[in-house]
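Numbers 22 to 367, taken from our numbering, label the letters of the sequence shown in order.
The beta carbon of each residue, even a glycine, is placed where N, CA and C say it ideally should be.
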Amino acid sequence: MTTAPPAGGATTQPGGFKAVSVSFVSTRTGWVLGGNPCADPLCPPTYRTATRLYRTDDGGRTWQAVNAPPAPLSTQEGGEAVEQVRFANLSDGWVALPEVWATHDGGAHWTRQPFQNVYALEAAGGVVHVVASGPGGFKFRVLSSPVHSDAWHPSGADAESGAGPVPRAHLVLHGNRGWILFINRGTLSGARLQGGRWVPWKTPCTDGAPGGLAASTDRNLVAHCAEGVWNDRPQQDLVFASSDGGATFHQVSTPLPVHFGGDLGAATPTSWVLGAYGNDNQPQLFRTVDAGRTWKAVYHGDGQATLTDLGFTTPSQGVVINSSDGAGRLLMTVDGGDTWNPVAIP
């Protein structure tokens, strides 16, 4: 059965709005970050446009423009740092452009934070964490702050960023627990949040294999590892699951019907959604409801799209951004990831 999109839904987003990131704090209230891409193919790759921020209080049916940070949004695809919006509650939120801006009054006022070039930003358990570039750009630096203030402090979990051209980090939080993958082609390391501090953590992925993480509880973690992309192992996409907070993992499926997966979302300990390129090299979402024993394609994109910000607010409600052909579109599910529908943003 196909679930109808929220009222006001459409197959495209009018006005040329390009969604780049989404954050929900409940089934009803969320924010989407974006801008208007340049329609001229001669626009330079560093073209930047005004940042736009929209809020919904009815689960995505209607959206209203709200005050955005006074900084431009890049329209360049790819790159090292992320452009991201995250809210911890109705008052405390952050936007990375990639310089970080914080609000503690629901977006009425924004204050620039003393760092930039952020690779990941998430908030949970009353604390916000960021992975930023370290001095000289050769380290990943992890900083944390209480969500209600801008009291940033280093975690001590810095990691070498390696010699690859595109360093990335994948940060996942659930309550007071958290995990980080530090990725830069030939290197891969991790950190785990324990007792309020980030400590070194051995990831299930081998050296050089890019990957993704998702957590449905503070103990149930799922990891995706794309072997053979940046190392000499056979090419295959592997999935691992943990029920003890990442202390140990077991492999649950191999190989997957994908080429180099991307974001990963966990609705429950046994129901996961993976954004990846299918065997036709088109972007797809694949879903499992039996902890990775079988997978089903539940969404098929087109063009050179990437699927990002994949995650679940509840076991039934989830979001993802589809950047097909440079026009970012917000997709939502209300049935645990079995069907995905586009949502119109003004």
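{"Check": "Reference T354, options P367, S344, T334, closest by Cα", "Outcome": "T334"}
{"Check": "Beta strand (DSSP E) runs wholly inside the stretch 138-170, at least 3 long, in chain order", "Outcome": "139-145, 148-154, 160-167"}
{"Check": "Separation of G266 from L118, as counted between CA atoms", "Outcome": "31 Å"}
{"Check": "Short Cβ contact (9 Å threshold) for A153 with A180", "Outcome": "no"}
{"Check": "Distance, T315 Cα to A144 Cα", "Outcome": "32 Å"}
{"Check": "C-alpha gap between V260 and C246, whole angstroms", "Outcome": "6 Å"}
{"Check": "Buried or exposed (CB count within 10 angstroms, at least 16 for buried), K39", "Outcome": "buried"}
{"Check": "Sub-9 Å separation of H150 and L214 beta-carbons", "Outcome": "yes"}
{"Check": "Alpha-carbon spacing of G127 relative to N88, whole angstroms", "Outcome": "9 Å"}
{"Check": "Any 3 or more C-beta pairs closer than 8 Å across the stretch 130-137 and the stretch 189-199", "Outcome": "no"}
{"Check": "Complete beta strand (DSSP E) runs within the stretch 194-225 (minimum length 3 residues, chain order)", "Outcome": "198-205, 208-215, 218-222"}
{"Check": "Inter-residue Cα distance where the pair is R350 and R254", "Outcome": "35 Å"}
{"Check": "Euclidean distance between Cα positions of A244 and L202", "Outcome": "10 Å"}
{"Check": "Residue closest to D359, alpha-carbon to alpha-carbon, out of P225, F270, A288", "Outcome": "A288"}
{"Check": "Simplified DSSP state of G249, which is helix, strand or coil", "Outcome": "coil"}
{"Check": "Three-state secondary structure assigned by DSSP to T32", "Outcome": "Here the model assigns T32 a pLDDT of 33, short of 50, so the residue's position is not dependable and the matter cannot be decided."}
{"Check": "Member of G81, A86, L94, V46 whose CA lies at the smallest distance from the CA of N362", "Outcome": "G81"}
{"Check": "S263 beta carbon less than 9 Å from that of R218", "Outcome": "no"}
{"Check": "Backbone secondary structure at G37 - three-state DSSP", "Outcome": "helix"}
{"Check": "Rounded straight-line distance, which links the Cα of Y320 to that of A365", "Outcome": "18 Å"}
{"Check": "Which listed residue (P336, F108, V43, D356) has its alpha carbon closest to that of G146", "Outcome": "F108"}
{"Check": "For D284 and L331, believed in contact at Cβ under 8 Å, the rounded distance", "Outcome": "4 Å"}
{"Check": "Option nearest A141 by Cα separation, candidates A129, T132, R162", "Outcome": "R162"}
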